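Engineer: Letter 260 of the sequence shown, counting from 1, is numbered 260 in full-length UniProt numbering, and no numbers are missing.
We treat Cβ as the ideally placed atom computed from N, Cα and C, and that holds for glycine.
Computed from a predicted structure; not experimentally measured.
This is the structure I want to talk about, given as structure tokens.
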Amino acid sequence: MTVSPEKQAPTAKPTGVIVLADGSTFFGTGAGAAGEAVGELCFNTAMTGHQEILADPSYAGQIVCFTFPHVGNVGANIQDEESASEPARKAAVGMVSRAVITAPANWRAEESFDSWLAGRGIIAVTGIDTRALTRRIREQGMPMAVTAHAPDGEFDLDALRKLAAEAPAMEGRELAAAVAQTGNSDWAESAWDWPNGFDKGPSDGPRVVVLDYGVKANILRRLAAAGARVSVAPGKASADDILAMKPDGVVVSNGPGDPAATGGYALATLRGLIEAGVPMLGICLGHQMLALALGAKTLKMAQGHHGANHPVKNHETGQVEIVSMNHGFAVDADTLPADAVETHVSLFDGTNCGFRLKDRPVTAVQHHPEASPGPQDSFNVFERFVDSLKTRQAA
């Protein structure tokens, strides 16, 4: 399907375009950085937190189509960065929205959203029929696509169609190494508190080492808020490297790409830590890779789960939690080992959203308990993990 420029931009020459792998073309108004970017096109149903979403390293290699029409009215600020200590870390490559980006009208805004997009190198196209695009993704899955912004409105459509058609699919791609930090560091911030900003993390308490595959900053903050002293180590660290840091617990972080591909270098480390009896918590990609380390399998999802309003059933408490999600792969629950208990399940499609081991201190959740954006229903994931470490210390 090709949408004519006249239908979407009757009074101006289109300066933005999205081209799907099958050649479908959508014209709009360009924003953010000029140029072109290739990525997997997904939709996100969050109503707020557009900066946090696009700055999340889990979205590396993806173009995010927002289903909420209004984007940019709160602007952007440094406190809402989610790329941990490296604001320039790679994340989403493109953005699609229905409405043209508005001027900021929020007391926390430090710059316009359009300026922030340009500074991050994110190529955006606005004025798109995002309902049609979302419906297409729901029915046919997440396509590879090209998003392009040319201020002069000049596009080589044949070249863009070729680029989209030849783009490698997300399945089989290792993207975490490009967004993970390369050395060890300590994390100092705790949760944000109005009006003072971020609190300082504790000077005592259990030591938690976070294996970084693209960790979000709010994971680190929520661990600190729960009472942990937090350090971050690169995802390519060995089990001996991590054990030398004398952790009381290890968190396996979120991140982008195919978990099986990242597992090529990460699973040996995770198995070594499991065998050493270190308490472990996996989040999103970390959840998938812990499952792989235990012998389970992961599956590519057609549409993935991307939003801040997903219902998840917690089998341990009987409660339904509304959570933030961002993943295109899922753990095949039928392949989990015999000593694993499924703790969470998506009420949208029944996919696995969490497990724990019966006889070893290993837990994992598919959703993002740190939110940012999203509800705070699952903050207790961090509190339970850190409390368990304190109990072990006391014993």
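Helix, strand or coil for aspartate 193 per DSSP?
Structural biologist: Here residue 193 refers to the residue found at position 193 of the sequence shown. Aspartate 193 falls in the strand class under three-state DSSP.
Engineer: In three-state DSSP terms, what is isoleucine 101?
Structural biologist: What you label residue 101 is simply residue 101 of the sequence shown in a count that begins at 1. In the structure shown, the three-state DSSP call for isoleucine 101 is coil.
Engineer: Using only the alpha-carbon positions, how far apart do histidine 70 and arginine 384 sit?
Structural biologist: Looking up residue 70 in the sequence shown gives position 70. Looking up residue 384 in the sequence shown gives position 384. Using only the alpha carbons, I get a separation of about 37 Å.
Engineer: Provide the residue(s) that pair with asparagine 326 in DSSP beta bridges, ordered along the chain.
Structural biologist: In the sequence shown, counting from the first residue as 1, residue 326 sits at position 326. Looking at the DSSP output, asparagine 326 bridges to His306.
Engineer: Report the partner residues of glutamate 36 according to the DSSP bridge assignment.
Structural biologist: Translated into positions along the sequence shown, residue 36 becomes position 36. According to DSSP, glutamate 36 bridges with Ala148.
Engineer: What separation, rounded to the nearest whole angstrom, lies between the Cα atoms of alanine 12 and cysteine 65?
Structural biologist: For the purposes of this step, residue 12 is identified with residue 12 of the sequence shown, where counting begins at 1. For the purposes of this step, residue 65 is identified with residue 65 of the sequence shown, where counting begins at 1. Cα to Cα, alanine 12 sits roughly 22 Å from cysteine 65.
Engineer: For my contact list, valine 38 and methionine 144 are in at a C-beta cut-off of 8 Å; report their separation, rounded to the angstrom.
Structural biologist: If you number the sequence shown from 1, residue 38 lands on position 38. If you number the sequence shown from 1, residue 144 lands on position 144. With a contact defined as Cβ atoms closer than 8 Å, valine 38 and methionine 144 qualify at about 7 Å.
Engineer: For proline 14, which option in Leu157, Gly227 and Lys216 has the closest C-alpha, if you only look at C-alpha atoms?
Structural biologist: As a working mapping, residue 14 is identified with position 14 in the sequence shown. Selected option, being the one with the closest Cα: Leu157.
Engineer: Within the stretch 247-317, note down every full alpha helix (DSSP H) run reaching 4 residues or more, in order along the chain.
Structural biologist: Counting whole runs of 4 or more residues, the stretch 247-317 contains the alpha helix (DSSP H) stretches 259-275 and 285-293.
Engineer: Check valine 381 in the structure and name its three-state DSSP category.
Structural biologist: What you label residue 381 is simply residue 381 of the sequence shown in a count that begins at 1. Three-state DSSP puts valine 381 in a helix.
Engineer: Determine the direct distance from the alpha carbon of leucine 357 to that of leucine 294, and round the result to whole angstroms.
Structural biologist: Locating residue 294 in the sequence shown gives position 294, counting from the first residue. Locating residue 357 in the sequence shown gives position 357, counting from the first residue. For leucine 294 and leucine 357, the distance between alpha carbons rounds to 10 Å.
Engineer: Express the C-alpha separation of glutamate 154 and threonine 363 in angstroms, rounding to a whole number.
Structural biologist: Sequence index remark: in the sequence shown, residue 363 carries index 363 (1-based). Sequence index remark: in the sequence shown, residue 154 carries index 154 (1-based). Approximately 52 Å, taken between the alpha carbons.
Engineer: Please give me, in chain order, every unbroken run of the beta strand (DSSP E) with length at least 3 that falls completely inside the stretch 210-244.
Structural biologist: If only complete runs of 3 or more residues are kept, the stretch 210-244 shows the beta strand (DSSP E) at 229-234, in order along the chain.
Engineer: Okay, do the stretch 200-209 and the stretch 37-56 touch, 3+ Cβ pairs below 8 Å being the bar?
Structural biologist: no
Engineer: At what residues does the beta strand (DSSP E) containing arginine 356 begin and finish?
Structural biologist: Sequence index remark: in the sequence shown, residue 356 carries index 356 (1-based). Looking at the DSSP string, the run of the beta strand (DSSP E) that includes arginine 356 is 352-357.
Engineer: Roughly how many angstroms separate the alpha carbons of threonine 351 and leucine 223, rounded to a whole number?
Structural biologist: Position 351 of the sequence shown, counting from 1, holds the residue named residue 351. Position 223 of the sequence shown, counting from 1, holds the residue named residue 223. Those two C-alpha atoms are separated by around 26 Å.
Engineer: Give every residue of the same chain whose Cβ lies closer than 6 Å to the Cβ of alanine 226, excluding the five residues on either side of it in the sequence, and list them in chain order.
Structural biologist: Indexing the sequence shown from 1 puts residue 226 at position 226. Within its own chain, the residues whose Cβ lies closer than 6 Å to the Cβ of alanine 226, once the five positions on either side in sequence are excluded, are Phe382, Glu383 and Val386, listed in chain order.
Engineer: For the putative contact between valine 179 and glycine 255, defined by C-beta atoms under 8 Å, what is the C-beta separation to the nearest angstrom?
Structural biologist: In the sequence shown, residue 179 corresponds to position 179, counting from 1. In the sequence shown, residue 255 corresponds to position 255, counting from 1. Confirmed, about 7 Å.
Engineer: Got a sec? Which residues, its chain only, sit under 6 Å from glutamine 62 by beta carbon, not counting five neighbours each side?
Structural biologist: Counting from one through the sequence shown, the residue named residue 62 turns up at place 62. Around glutamine 62: Gly39, Glu40, Cys42 and Ala92.
Engineer: Note the first and the last residue of the continuous beta strand (DSSP E) segment covering tryptophan 187.
Structural biologist: Sequence index remark: in the sequence shown, residue 187 carries index 187 (1-based). That run of the beta strand (DSSP E) goes 185-187.
Engineer: Give the straight-line distance between the Cα atoms of glycine 16 and phenylalanine 27, rounded to the nearest whole angstrom.
Structural biologist: As a working mapping, residue 16 is identified with position 16 in the sequence shown. As a working mapping, residue 27 is identified with position 27 in the sequence shown. If I take the Cα positions, the gap works out to 6 Å.
Engineer: Taking 8 Å as the threshold, find out whether the stretch 338-347 comes into contact with the stretch 259-279 through three or more Cβ pairs.
Structural biologist: Taking a cut-off of 8 Å on C-beta distances, the stretch 338-347 does not touch the stretch 259-279, as fewer than three cross pairs fall below it.
Engineer: For my contact list, valine 331 and aspartate 377 are in at a C-beta cut-off of 8 Å; report their separation, rounded to the angstrom.
Structural biologist: By one-based count along the sequence shown, residue 331 stands at place 331. By one-based count along the sequence shown, residue 377 stands at place 377. Between aspartate 377 and valine 331 the Cβ distance is about 21 Å, and since that is not below 8 Å, they are no contact.
Engineer: Closest to alanine 148 by C-alpha separation, out of Ile101, Asp193 and Val19, would be which residue?
Structural biologist: Counting from 1 along the sequence shown, the entry for residue 148 is found at position 148. The candidate whose alpha carbon is nearest that of alanine 148 is Val19.
Engineer: Measuring CB to CB, does glutamate 111 end up less than 8 Å from serine 372?
Structural biologist: Here residue 111 corresponds to residue number 111 of the sequence shown, with the count starting at 1. Here residue 372 corresponds to residue number 372 of the sequence shown, with the count starting at 1. No, they are not a contact pair.
Engineer: If you compare alpha carbons, which of Leu220, Val230, Gly205 and Ile274 is closest to serine 238?
Structural biologist: Your numbering for residue 238 matches position 238 in the sequence shown. Here the closest residue by C-alpha is Ile274.
Engineer: With a Cβ-Cβ cutoff of 8 Å, do glutamate 189 and arginine 221 count as a contact?
Structural biologist: Start at 1 with the first residue of the sequence shown, and residue 189 comes out as number 189. Start at 1 with the first residue of the sequence shown, and residue 221 comes out as number 221. Contact flag set, yes.
Engineer: Considering only the beta carbon of each residue, do leucine 290 and valine 252 sit closer than 8 Å?
Structural biologist: Numbered from its first residue, the sequence shown carries residue 290 at position 290. Numbered from its first residue, the sequence shown carries residue 252 at position 252. In contact: leucine 290 and valine 252 (Cβ atoms closer than 8 Å).
Engineer: Please name the residue or residues paired with arginine 207 in a DSSP beta bridge.
Structural biologist: By 1-based counting over the sequence shown, the position of residue 207 is 207. According to DSSP, which records beta bridges pairwise, arginine 207 is partnered with Arg229.
Engineer: Report the rounded CA-to-CA distance for alanine 9 versus alanine 165, giving the unit in angstroms.
Structural biologist: Counted from its first residue, the sequence shown places residue 9 at position 9. Counted from its first residue, the sequence shown places residue 165 at position 165. Interpretation of alanine 9 is limited by its pLDDT of 42, a score under 50 that renders its predicted location unreliable; no figure is taken from the coordinates.
Engineer: DSSP on glutamate 139, reduced to helix/strand/coil?
Structural biologist: Position 139 of the sequence shown, counting from 1, holds the residue named residue 139. Under the three-state reduction of DSSP output, glutamate 139 falls in the helix class.
Engineer: Excluding the 5 residues flanking glycine 21 on each side, which residues of the same chain have their C-beta closer than 6 Å to its C-beta?
Structural biologist: As a first step, residue 21 is located in the sequence shown; it is residue number 21 there, counting from the start. Per the sequence shown, the amino acid found at residue 21 is alanine instead of glycine. The beta carbon of alanine 21 sits closer than 6 Å to those of Pro143, Met144, Ala164 and Ala165, all from its chain and outside the five residues before and after it, given in chain order.
Engineer: If you draw a straight line from the C-alpha of valine 312 to the C-alpha of alanine 159, how long is it?
Structural biologist: Taking the first residue of the sequence shown as 1, we reach residue 312 at position 312. Taking the first residue of the sequence shown as 1, we reach residue 159 at position 159. Rounded to whole angstroms, the separation of the alpha carbons of alanine 159 and valine 312 is 43 Å.
Engineer: Indicate the three-state DSSP secondary structure (helix, strand or coil) for leucine 347 in the structure shown.
Structural biologist: Position 347 of the sequence shown, counting from 1, holds the residue named residue 347. The answer is coil: DSSP assigns leucine 347 none of H, G, I, E or B.
Engineer: For alanine 124 versus glycine 94, is the C-beta spacing smaller than 8 Å?
Structural biologist: For this step, residue 124 is matched to residue 124 along the sequence shown. For this step, residue 94 is matched to residue 94 along the sequence shown. Going by C-beta atoms, alanine 124 is nearer than 8 Å to glycine 94.
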